[in-house]
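Numbering (our numbering), first residue to last: 16 to 392.
See structure below.
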Amino acid sequence: MALHTLKMMARGGIHDHICQGFHRYSTDQHWHVPHFEKMLYDQGQLAATYSRAFQISGDEFFANVVQDILLYVSRDLSDQTVIPSLVPYAPLSLSPCLSYAGLMISGFAQAGVALAEQEYVSRAARAAAFLRRHLFDPASGRLLRSCYRGKENTVEQSAVPIQGFLEDYVFVIQALFDLYEASLEQGWLEWALQLQHMQDKLFWDPKGFAYFSSEAGDPSLLLRLKNDQDGAEPAANSVTVTNLLRAACYSGHMEWVEKAGQILAAFSERLQKIPIALPEMARATAVFHHTLKQVVICGDPQGEDTKEMLRCVHSVFSPNKVLMLADGDSSGFLYRQLPFLASLERKEGKATAYVCSNFACSLPVTSPQELRGMLCP
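Structure representation (structure tokens):
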């Protein structure tokens, strides 16, 4: 049903068959006439969804749709002068909010993995680098929500910069995890965990559990709210459940697993009564109860046998897993976070894969075919 729906969406009027990309919706009962707007957050989520459809089915139709979406974003929603990333061209106006850019980075990263297209991964990395340079304050560790194009194509902030909201942290963290799995550059992983700690500090509700949408201390807010609906964008608390589980797998900090369970408990009544309102949280609930697998590839990042193992992992639709590369550098960030990696070795000098659950690992395998069998549901 899902694959059929995606095909009909791509063949219908909601899809721009001339200028690429997807409109928000159609305005007639037959879904022939599109609404005029095409939104960045839709393109990011659809690129990721069609990428997964291609992994599941192997049908090139879905890969072509992904390429169509990313062509539109690269051509029409990207600024090639001041911001060669994912920020629409709008002289002297506000850039899109940070959360939208996060969703689009995820779309590019996941497309790069599914379609084996390195340029998409590079595009995501350039966008993330822009965010770190211009929308992150290293002194405070906080994200900023937006920036402006100034005179002479400079990037500027307002006199009082707008601080990031919960959704900005959540979607950027998700993007950084996706980008790490696509590029295996540990700097993205380190930044993701740093931002997760800051999100906990700014937004966590220690009494009612889950995360508030805004931080404390704003006198203009009478109430701090928690969004409880997955709409055009998934609710931040829905996405952060999976973020927390991924963060725990990459760091060994099991208090993040506890937080994920507390969020699900906080929203359990609404999830049981109106599950259609929280489809992303329903998906996250399944991830929570099935436990994420840790797929560890031990090998030389430049070795062809390592690359073959990684291609195997990327070609399989296996949503309940995290991927990590153990390159033997015991001083690296990942080894410092997860000491158990030091006990995993290459077998007979070959790139070797381990599939672990709760840090207990399977027997090693050196064959991509064996690894595929372990990953396929």
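Heads up, the beta-carbon is just placed ideally off N, CA and C, and yes, glycines get one too.
How many Å lie between residue i and residue j at the Cα?
i	j	result
Phe192	Ala140	12 Å
Leu238	Leu150	26 Å
Gln201	Gln317	15 Å
Ser229	Val185	12 Å
Val302	Pro294	13 Å
Gln352	Tyr115	30 Å
Tyr87	Lys362	45 Å
Met324	Leu199	13 Å
Tyr63	Glu205	Position check: residue 63 holds Ala in this sequence, whereas Tyr was assumed. Taking the straight line joining both Cα atoms gives about 23 Å.
Asp320	Ser66	25 Å
Thr169	Asp94	12 Å
Arg387	Tyr369	12 Å
Pro334	Arg138	23 Å
Ala190	Val48	32 Å
His38	Ile312	40 Å
Gln277	Leu181	17 Å
Cys112	Tyr56	10 Å
Gly232	Leu217	10 Å
Leu109	Ile177	A caution first: Leu109 carries a pLDDT of 43, below 50, which makes its placement in the model too unreliable to give a value.
Leu240	Gln125	31 Å
Trp46	Leu21	13 Å
Ile289	Leu236	28 Å
Ser266	Lys308	14 Å
His32	Glu167	36 Å
Would DSSP call residue i helix, strand or coil?
i	result
His305	helix
Trp219	strand
Asp183	helix
Thr300	helix
Pro99	Summary for Pro99: the model assigns pLDDT 44, below 50, so the residue's position carries little reliability; its value from the coordinates is reported in the next sentence. Strand.
Thr367	strand
Ala126	helix
Leu109	Per-residue confidence for Leu109 stands at a pLDDT of 43, beneath the threshold of 50, marking its modelled position as unreliable; no derived number is given.
Tyr104	The predicted position of Tyr104 is uncertain, since its pLDDT is 37 and thus under 50; a value taken from the coordinates is nonetheless stated next. It is coil, neither helix nor strand.
Tyr115	helix
His50	coil
Lys241	coil
Ser41	strand
Gln172	coil
Ile312	strand
Asp193	helix
Ser372	strand
Any idea if residue i is buried or exposed, counting beta-carbon neighbours within 10 angstroms, 16 or more meaning buried?
i	result
Met23	exposed
Val380	buried
Pro249	buried
Leu356	buried
Glu134	exposed
Leu378	exposed
His19	exposed
Ile29	buried
Ala375	exposed
Phe69	buried
Asp245	buried
Asp342	buried
Just reading off the alpha helix (DSSP H) that residue i is part of, what are its end residues?
i	result
Ser253	251-266
Cys162	From DSSP, Cys162 is part of no alpha helix (DSSP H); its letter is neither H nor E.
Asn79	75-91
Glu273	270-281
Glu319	319-330
Gly36	It is not in any alpha helix (DSSP H) - Gly36 carries neither H nor E in the DSSP assignment.
Val136	133-149
Phe348	348-352
Met24	17-26
Leu55	55-72
Going by C-alpha to C-alpha distance, which of the options sits closest to residue i?
i	options	result
Gly122	Arg160, Lys308, Gln82, Leu158	Gln82
Phe227	Met269, Ser198, Ala281, Ile188	Ala281
Ala25	Glu75, Gln70, Ile71, Tyr56	Glu75
Trp219	Ser382, Phe145, Lys274	Lys274
Asp183	Glu167, Gln44, Met213	Met213
Glu171	Gly267, Leu85, Arg160	Arg160
Asn258	Lys288, Gln209, Leu240	Gln209
Ser89	Gly179, Cys391, Cys34	Cys34
Ala174	Ile84, Tyr163, Ile71, Ala341	Tyr163
Pro383	His19, Arg326, Lys241	Arg326
Val254	Gln60, Thr42, Leu359, Leu236	Gln60
Glu132	Ala78, Leu21, Trp271, Asp342	Ala78
Ala6	Ala262, Ala247, Asp245, Ser346	Beyond the ends of the chain as shown, which are 16 and 392, falls residue 6; an answer cannot be given.
Asn373	Phe332, Val310, Arg148	Val310
Phe224	Ala251, Ala297, Leu236, Leu279	Leu279
Ala366	Ser358, Leu349, Leu340	Leu340
Assuming residue i is part of the beta strand (DSSP E), what are its boundary residues?
i	result
Val337	336-341
Thr381	Neither: Thr381 is in no beta strand (DSSP E) and is coded neither H nor E.
Going by the C-beta, is residue i closer than 6 Å to any heavy atom of the ligand GDP?
i	result
Glu52	The ligand GDP is absent from the structure shown, which contains no ligands of any kind.
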